[in-house]
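Q: The structure under discussion is supplied below as structure tokens; questions concerning it will follow.
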Amino acid sequence: MKEINSLAKELKGVFGWHQARVILLAQFILALVKVRSVNLTRIAHVFYGTTLPTSNYKRLQRFLRDFTLDYDQCACVIAKWFCSDETWVLCLDRTNWNFGILKINFMVLAVAHEGLAIPLFWVLLPKKGNSNTEERKALIKRFLHVFGVEKIAYLTADREFRGKNWLQFLVDEHIPFCIRIPNNTNVWNRHRNQRLPVSRLFGLQRNEQMSLKKQRDIWGISVYLSCIMGKQGRVIVATNEQPQTAIKRYAIRWSIETLFGCLKSRGFDLESTHLQQLERLEKLFFVCTLALAWSFKLGILQNKLKPLKPAHSR
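Below you can see the structure in the form of structure tokens.
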């Protein structure tokens, strides 16, 4: 019960709900962490107290069906737990899976923290496949509305998140970015008399990297270009500042891949849910986000008190 009360106190300070609802959410989060599954039946069986699992199951169903949530408040919880006064590295990506004929497709804006990205805002796209510019802009605007552009150190994203209107939006909003671009993106050569794939600008050997000193036009937007030759070929990053560190800064994007692993196969098994209503799926993602964040927060505190020794230490 001590764990429940501790978490409930944290949640009530942000959400301001009545105590019964806060306790239910705290129980939901801690049970999810314990069973590492979004299966509501399994979660209902490990609730604290003497209430029958069938009653707990119905309470969980009502939470997902009837409760109205302000997802901006979830972002405020994450900011309170992990983000101090410095600026934040944001990661933008999608994760998707199928449940029968239903295409479940989340686009997530997360903040990178100590190797893991924690979701701040997300949207469940009512379609399969890539996001479009307007959907991306709407997600970024939610962040700007709550926190402001001054909180952004930079935004990192993979090759899906490209295009003239998208980059122009980031420039207009004064958002620094490190975004990977496809290797076959056409650019002018330095004499501006021939268009060629951007990969042709970088003649590199394995593990070498290079940054162009002058900006180049990509889809009509002036950006700096940096490249590293990895195992799978060239990784080319477009940025609007500090090209010399672009590759290193872009690498932080991997933290959102770690996030998706924690939410899915290596963590809460989110893909196993049988929920089909979009609104309920978003609420479940909300609970998974808080469960992951709370676990990570406690893990960081525990590691400070008793750091883990490297496996090779003697």
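So the sequence shown is residues 1 to 314, counted in the UniProt record's numbering.
We put the beta carbon where it would ideally sit given N, CA and C, even for glycine.
Is the distance from the Cβ of serine 222 to the Cβ of isoleucine 236 below 9 Å?
A: Not a contact, by the Cβ cut-off of 9 Å.
Q: Counting pairs of Cβ atoms below 8 Å between the region 115-134 and the region 291-298, do you hit three or more?
A: Touching, yes.
Q: So which of Gly230, Lys231, Gln232, Gln215 has the shortest CA-CA distance to tyrosine 224?
A: Among Gly230, Lys231, Gln232, Gln215, the Cα nearest to that of tyrosine 224 belongs to Gln215.
Q: Sorted by chain position, which residues of the same chain lie with C-beta nearer than 6 Å to arginine 314's C-beta, five sequence neighbours on each side aside?
A: Reliability of the predicted coordinates at arginine 314 is poor, the pLDDT of 49 falling under 50, and no value is obtained from them.
Q: Under three-state DSSP, which class holds threonine 156?
A: Three-state DSSP puts threonine 156 in a strand.
Q: Under a Cβ-count criterion, where at least 16 other Cβ atoms within 10 Å of its own Cβ denotes burial, should leucine 40 be classed as buried or exposed?
A: Answer is buried; the Cβ neighbour count reaches 16.
Q: Quick one: give me the first and last residue of the alpha helix (DSSP H) that cysteine 178 is part of.
A: Note, cysteine 178: premise wrong, no alpha helix (DSSP H); beta strand (DSSP E) at 177-181.
Q: Can you tell me which of the three DSSP states histidine 174 falls into?
A: In the structure shown, histidine 174 sits in coil (DSSP, three-state: anything other than H, G, I, E or B).
Q: Around the Cβ of glycine 13, are there at least 16 other Cβ atoms within 10 angstroms (buried) or fewer (exposed)?
A: Classification of glycine 13: exposed, given that the 10 Å Cβ count is below 16.
Q: Exposed or buried, which one is alanine 31 when buried takes at least 16 other CB atoms within 10 Å?
A: Flag for alanine 31 reads buried.
Q: Whole angstroms is fine: what's the gap from valine 38's alpha carbon to arginine 136's?
A: Looking at the two C-alpha atoms, the distance is approximately 27 Å.
Q: Measuring straight from C-alpha to C-alpha, what distance separates cysteine 178 and aspartate 217?
A: Spanning the two alpha carbons is a distance of roughly 15 Å.
Q: For threonine 95, write down the residues that DSSP places opposite it in a beta bridge.
A: Per DSSP, Phe106.
Q: If I measure Cβ to Cβ from tryptophan 81 and keep anything under 7 Å in the same chain, skipping five residues before and after, which residues do I get?
A: Cβ within range, chain order: Ala293, Lys297.
Q: Assuming alanine 138 contacts leucine 92 under a Cβ cut-off of 8 Å, what Cβ separation, rounded to an integer in Å, is found between them?
A: So it is not a contact: roughly 12 Å between Cβ atoms.
Q: Go through its chain and collect everything with a Cβ distance to leucine 263's Cβ below 7 Å, but skip five positions before and after it.
A: Same-chain partners within the cutoff: Leu270, Cys288, Leu292.
Q: Provide the residue span of the beta strand (DSSP E) that contains isoleucine 118, from first to last.
A: Where isoleucine 118 is concerned, the enclosing beta strand (DSSP E) stretches over 116-124.
Q: May I ask you to report which of helix, strand or coil DSSP gives cysteine 74?
A: The answer is helix: DSSP assigns cysteine 74 an H, G or I state.
Q: For the beta strand (DSSP E) holding arginine 234, just list the boundary residues, first then last.
A: Per DSSP, arginine 234 belongs to the beta strand (DSSP E) from 233-239.
Q: Does DSSP classify glutamine 209 as helix, strand or coil?
A: Reduced to three states, the DSSP call for glutamine 209 is strand.
Q: Work out the CA separation of threonine 258 and glutamine 242 for me, nearest whole Å.
A: If I take the Cα positions, the gap works out to 26 Å.
Q: Pick helix, strand or coil for tryptophan 166, following the three-state DSSP scheme.
A: In the structure shown, tryptophan 166 sits in a helix (DSSP, three-state: H, G or I).
Q: Could you tell me whether the Cβ atoms of isoleucine 101 and leucine 290 are closer together than 9 Å?
A: It is not a contact, given that the beta carbons lie outside the stated cut-off.
Q: Please report how far the alpha carbon of leucine 301 lies from the alpha carbon of isoleucine 4, in whole angstroms.
A: Approximately 17 Å, taken between the alpha carbons.
Q: Using CA atoms only, rank isn't needed, just tell me which of Ala153, Leu64, Pro182, Asp66 is closest to cysteine 83.
A: Of Ala153, Leu64, Pro182, Asp66, the residue nearest in Cα terms is Ala153.
Q: Report the rounded CA-to-CA distance for glutamate 208 versus isoleucine 228, giving the unit in angstroms.
A: About 6 Å.
Q: Using the beta-carbon count (16 or more within 10 Å), is valine 198 buried or exposed?
A: Result: buried.
Q: Tell me the DSSP secondary structure of tyrosine 48 in three-state form.
A: Correct three-state label for tyrosine 48: coil.
Q: Using DSSP's beta-bridge definition, name the partner residues of glycine 230.
A: Partner(s): Gly233.
Q: Can you give me the start and stop residues for the alpha helix (DSSP H) that proline 53 sits inside?
A: Looking at the DSSP string, the run of the alpha helix (DSSP H) that includes proline 53 is 53-66.
Q: Candidates Asn186, Arg94, Ser272, Arg42: which alpha carbon is nearest serine 131's?
A: Nearest option by C-alpha distance: Arg94.
Q: Taking C-alpha atoms, which residue in Asp172, Leu201, Ile175 lies nearest to asparagine 184?
A: Taking only the C-alpha atoms, the option nearest asparagine 184 is Leu201.
Q: For arginine 314, which of helix, strand or coil comes out of DSSP?
A: Bear in mind that a pLDDT of 49 at arginine 314, under 50, signals an unreliable position, so the model cannot answer this.
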